[in-house]
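Residue numbers (our numbering): 178 to 332. Quick notes on the structure that follows.
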Amino acid sequence: MSDAGQMTSEQEAGAVLEREFIETVARQRAAKKRRQIALNISGVAIFLVLWQLSPYIVPGLDNLLFPPPTEVAAVMREMIVSGELLNHTIVSGMRALAGFVIGGILGVVLGVLTGRLEAFSHLVDPVLQAFRSIPAIAFVPLAIIWFGLGEASKI
């Protein structure tokens with residue numbers, strides 16, 4: 178028997194094995210993470226190379242419709258330097274915010290009405306359930322027809 182503060186040789190051997198196991202698992206996880214990152218970077222690099230080479234590989238591919246990433250990056254740089262990208266980003270953000278506010282207000286009002294008024298709930302529930310099954314992208318042509326191509330359809 179050993180004293181309460183001392184470990185037996187079996188306990189020491191077990192502790193050493195446990196530390197080695199933990200270190201081995203940590204090394205394996207780190208190696209797996211490095212491999213994952215390397216594959217992710219390689220995938221993006223391969224995609225960009227294929228995109229860049231696509232006009233030379235695919236006959237008849239129009240650079241105006243499918244510009245290579247170097248041209249996209251050059252135009253992006255020009256737009257950043259001129260401030261045009263920031264302006265477009267602000268306008269898009271304002272449209273998204275306006276849409277979020279309008280949708281939020283309509284959603285809260287309809288939610289309160291359907292929760293408080295049983296007759297209203299029964300009235301609108303079939304229509305709301307029907308709209309839920311339709312993908313959001315399917316409403317884009319309807320929005321164009323209803324609101325046109327101006328600012329209203331973009332919100």
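Glycine is no exception: its CB is placed at the ideal position from the N, C-alpha and C atoms.
Please identify the residue among the options whose C-alpha is closest to the C-alpha of residue i.
i, options, result
"Ile314", "Pro232, Ser330 and Ala275", "Ser330"
"Gly288", "Ala273, Leu263, Gly276 and Leu305", "Leu305"
"Gly327", "Val226, Gly191 and Arg272", "Arg272"
"Leu227", "Arg212, Ala215, Glu187 and Phe243", "Phe243"
Excluding the 5 residues preceding and the 5 following residue i in the sequence, name in chain order all residues of the same chain whose CB lies nearer than 6 Å to its CB.
i, result
"Phe324", "Ser330"
Between residue i and residue j, what straight-line distance do the alpha-carbon atoms span, to the nearest angstrom?
i, j, result
"Asn240", "Gln229", "10 Å"
"Ala307", "Arg212", "46 Å"
"Leu216", "Lys209", "10 Å"
Spatial neighbours of residue i within its chain, please: CB distance less than 8 Å, with the 5 preceding and 5 following residues excluded, ordered by chain position.
i, result
"His265", "Met256"
"Thr247", "Gln229"
Leaving out the 5 sequence neighbours to the left and right, which residues in its chain are closer than 7 Å to residue i when beta-carbon positions are compared?
i, result
"Asp321", "According to the sequence shown, residue 321 is Ile rather than Asp. Hits under 7 Å: Ser330."
Contiguous alpha helix (DSSP H) assignments of at least 4 residues, all confined to the segment 225 to 291: 246 to 259
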